[in-house]
Amino acid sequence: MNDLKFTTAGDYIDHLKIMNDLIKPLVDEKDPFLREVPHRFNFDSPHEDPDKLEKRLIDNMFHYNGIGLSANQIGIPTKVFAMISDGDPMAVFNPEIVEWSDEEIYEKEGCLSFPYLFMPVKRSETIGVKFQLKDGTEQFGSFGGLLSVIFQHEMEHMDGELFINSVSDFKLKSAMKKRKILKRKRERKQRNG
Ligand SMILES: [Zn+2]
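Residue numbers (the working numbering): 22 to 214.
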């Protein structure tokens, strides 16, 4: 922050505006946009500077208290998502899963596109992945546990899929019932301070 210098109040306000412009509203859960397959991020003619896009995704992920966020969830139709990692949060460009372990993991998941909805989804415990960093270099690696779950969840967004389609109707119905109760409780709590 020390290298930021504002000579006038107007400069400072412009700076704040740029910062705020990074935060975008979440696309509504019913919007068909979330069901469309986003296009690959094109490093040769990017629609947005990859550096800025990474920052935007990470800022939005933290703003909405998520541990993963796909670009299409904030209205950007490209195959890029942000996720927490062991160290710094990162943006994953043009990801692919190339290997799935037979061992499964069954963890409760939520999605920023579906507030208050939580349900366990069966996933591979470990996955082998391939993706690009913001400078276009290719990365290969593997993820296990929570990071594997996040990667697989965000990968669904990259295909225009949603976690509500990864469970049985019965499980979805019961999670929806719980969601209503949870929503009412949280709203009552907020009203009462
Ligand atoms: Zn999601």
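Note that CB positions come from ideal geometry on N, CA and C, so glycine has one too.
Looking only at its own chain, which residues have a Cβ that is under 7 Å from the Cβ of residue i, when we skip the five neighbours before and after it?
i: residue 196; result: 138, 139, 140
i: residue 58; result: 180, 181
i: residue 200; result: 137, 138
i: residue 87; result: 133
Based on the DSSP secondary-structure assignment, which residues constitute the bridge partners of residue i?
i: residue 142; result: 128
i: residue 167; result: Beta-bridge pairing links residue 167 to no other residue.
i: residue 119; result: According to DSSP, which records beta bridges pairwise, residue 119 is partnered with nothing at all.
i: residue 161; result: 151
i: residue 103; result: 90, 112
i: residue 135; result: 132
Give every residue of the same chain whose Cβ lies closer than 6 Å to the Cβ of residue i, excluding the five residues on either side of it in the sequence, and list them in chain order.
i: residue 203; result: 137
i: residue 206; result: none
i: residue 71; result: 155
i: residue 80; result: 43
i: residue 157; result: 64
Can you tell me the Cα-Cα spacing of residue i and residue j, whole angstroms?
i: residue 23; j: residue 32; result: In this prediction, residue 23 has a pLDDT of 44, which is less than 50 and means its spatial position is unreliable; what the coordinates show is noted afterwards. For residue 23 and residue 32, the distance between alpha carbons rounds to 15 Å.
i: residue 110; j: residue 30; result: 32 Å
i: residue 132; j: residue 125; result: 20 Å
i: residue 153; j: residue 98; result: 17 Å
i: residue 116; j: residue 213; result: 44 Å
i: residue 210; j: residue 66; result: 48 Å
i: residue 165; j: residue 91; result: 20 Å
i: residue 190; j: residue 167; result: 25 Å
i: residue 46; j: residue 89; result: 15 Å
Between residue i and the rest of its own chain, which residues show a CB-CB distance below 8 Å, the 5 nearest in sequence each way excluded?
i: residue 76; result: 43
Determine, using beta carbons only, whether residue i and residue j come nearer to each other than 8 Å.
i: residue 172; j: residue 150; result: yes
i: residue 95; j: residue 122; result: no
i: residue 93; j: residue 54; result: yes
Are at least three pairs of beta-carbons, each pair with one atom in the stretch 86–102 and one in the stretch 184–192, less than 8 Å apart? no
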